[in-house]
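In terms of the numbering used here, the sequence shown opens at residue 7 and continues consecutively. As structure tokens, the structure follows; a few thoughts come after it.
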Amino acid sequence: MAKIVCDRVSKEFIQKGKIRVHVLEQISLEVKENEFLVILGPGQSGKSTLLRIIAGLETPTSGSVFIDGKPVDGPHPSRGLVFQSYMLFAWKTVMGNVEMGPKLRGLPKKERREIAQHYIDLVGLKGFEKYYPHQLSGGMKQRVGIARAYANNPDIMLLDEPFGQLDAQTRYYMEKETVRIWEAEKRTVVFVTNNIDEAVYLADRIVTLKGKLPGRMGPTFVVDLPRPREHTDQAFLELRQEIIDSTELVL
Numbered sequence: 007m008a009k010i011v012c013d014r015v016s017k018e019f020i021q022k023g024k025i026r027v028h029v030l031e032q033i034s035l036e037v038k039e040n041e042f043l044v045i046l047g048p049g050q051s052g053k054s055t056l057l058r059i060i061a062g063l064e065t066p067t068s069g070s071v072f073i074d075g076k077p078v079d080g081p082h083p084s085r086g087l088v089f090q091s092y093m094l095f096a097w098k099t100v101m102g103n104v105e106m107g108p109k110l111r112g113l114p115k116k117e118r119r120e121i122a123q124h125y126i127d128l129v130g131l132k133g134f135e136k137y138y139p140h141q142l143s144g145g146m147k148q149r150v151g152i153a154r155a156y157a158n159n160p161d162i163m164l165l166d167e168p169f170g171q172l173d174a175q176t177r178y179y180m181e182k183e184t185v186r187i188w189e190a191e192k193r194t195v196v197f198v199t200n201n202i203d204e205a206v207y208l209a210d211r212i213v214t215l216k217g218k219l220p221g222r223m224g225p226t227f228v229v230d231l232p233r234p235r236e237h238t239d240q241a242f243l244e245l246r247q248e249i250i251d252s253t254e255l256v257l
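Right, dumping it as structure tokens:
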């Protein structure tokens, strides 16, 4: 059984009470347990909306989403979500942000601190526990967000263009870190991006969406490349070119 199933998902929004905006059209896909699936598409192809539907933050106009065979009917702690914007509590330290989920679940202070410390260490922020968000770089803030999501012990990690605001060098570093963390703490991952290189670097499999609205299913690509991957490897470049040739996406 697939971990996640999207069955003919369509979504419309109503604007100003009467204007229908068709965002997604008949999206069907499956995600295997512990698979790293990347949803790749241009701007305004409905990628983020699809991720929010999987997260339970939006309801499809038609179609259904199932996780472990059960319909998604709202948010759940088993789904960790990392946004493009950092979404940190400015008045809390790194430790305070990461331990928030376990704290809300009522775990004792000692236990939640141990959990938070494990993920702070995992994302490479040991020594920064007492820092506040305004004292951190963009990449460090996003690592706090990833640690906070993992601290809730979700089965599924949903990442919505999390590195879109970072400079190229920091983005590449965070991509490497994401793979390292995923290999250390296996989860089912759905990662949204509009960047072809990022998709090929990260994914086990790439599902493309055609833009612009409404987003529709495009070709799917299996990324059968060993990790760690190098952007200059011939196989990497060939797959990148295949995606360019088969879609409307450009570098």
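Cβ coordinates follow ideal geometry from the N, Cα and C atoms, glycine included.
query = Beta-carbon separation of V104 and G221 under 8 Å?
reply = One-based indexing of the sequence shown puts residue 104 at position 98. One-based indexing of the sequence shown puts residue 221 at position 215. Cβ atoms of V104 and G221: not closer than 8 Å.
message = Quick check: P160 and R193, are their CB atoms within less than 8 Å of each other?
response = Taking the sequence shown and counting its residues from 1, one reaches residue 160 at position 154. Taking the sequence shown and counting its residues from 1, one reaches residue 193 at position 187. Yes, they are a contact pair.
DSSP state of D127 mapped onto helix, strand, coil = For the purposes of this step, residue 127 is identified with residue 121 of the sequence shown, where counting begins at 1. Here D127 sits in helix by DSSP.
message = Counting beta carbon pairs with one atom in the stretch 185–201 and one in the stretch 37–51, are three or more of them shorter than 8 Å?
response = yes
inquiry  = Nearest by alpha-carbon distance to R177: which of K98, G145, E117 is it?
reply    = To locate residue 177, count along the sequence shown from 1; it is residue 171. For R177, the nearest C-alpha among the options comes from G145.
request  = State the DSSP-derived secondary structure class of G224, mapped to helix, strand or coil.
outcome  = Stepping through the sequence shown from its first residue, residue 224 is reached at position 218. G224: strand per DSSP, three-state reduction.
task = Going by CA-CA distance only, name the one from L243, I202, L110, K76 that's closest to A8.
result = Translated into positions along the sequence shown, residue 8 becomes position 2. Of the candidates L243, I202, L110, K76, the one whose C-alpha sits nearest the C-alpha of A8 is K76.
ask   = Just the Cα atoms here: how many angstroms apart are Y156 and G130?
value = Against the sequence shown, residue 156 aligns to sequence position 150. Against the sequence shown, residue 130 aligns to sequence position 124. Approximately 14 Å between the Cα atoms of the pair.
Nearest candidate by alpha-carbon position, reference I301, set Q50, S70, G49 = Here the chain comprises residues numbered 7 to 257, so residue 301 is not present and cannot be evaluated.
inquiry  = Please report the distance separating the alpha-carbon of L243 from that of G170.
reply    = For this step, residue 243 is matched to residue 237 along the sequence shown. For this step, residue 170 is matched to residue 164 along the sequence shown. Rounded to whole angstroms, L243 to G170 spans 22 Å at the Cα level.
message = For R246 and L231, what's the separation of their Cα atoms in angstroms?
response = Residue mapping note: residue 246 aligns to position 240 of the sequence shown, counting from 1. Residue mapping note: residue 231 aligns to position 225 of the sequence shown, counting from 1. Each residue's Cα considered, the two are about 12 Å apart.
ask   = Would you call the CB atoms of G47 and G151 closer than 8 Å?
value = Position 41 of the sequence shown, counted from the start, is the residue given in the question as residue 47. Position 145 of the sequence shown, counted from the start, is the residue given in the question as residue 151. The answer is no: Cβ separation not under 8 Å.
task = Using beta-carbon positions only, say whether R154 and M106 come within less than 8 Å of one another.
result = Taking the sequence shown and counting its residues from 1, one reaches residue 154 at position 148. Taking the sequence shown and counting its residues from 1, one reaches residue 106 at position 100. Yes. Within cutoff.
key: C-beta atoms of V15 and L219 nearer than 8 Å   = Stepping through the sequence shown from its first residue, residue 15 is reached at position 9. Stepping through the sequence shown from its first residue, residue 219 is reached at position 213. No, these two residues do not count as a Cβ contact at 8 Å.
Same chain, Cβ closer than 7 Å to H82, five either side skipped, listed in chain order = Within the sequence shown, residue 82 is the residue found at index 76, counting from 1. Cβ within range, chain order: G62.
inquiry  = I'd like the list of long-range same chain contacts for I73, defined as Cβ closer than 6 Å, with 5 residues on each side in sequence excluded.
reply    = Translated into positions along the sequence shown, residue 73 becomes position 67. Excluding positions up to five away in sequence, the list reads I10.
ask   = Do L110 and L164 have their C-beta atoms within less than 8 Å of each other?
value = Within the sequence shown, residue 110 is the residue found at index 104, counting from 1. Within the sequence shown, residue 164 is the residue found at index 158, counting from 1. Going by C-beta atoms, L110 is not nearer than 8 Å to L164.
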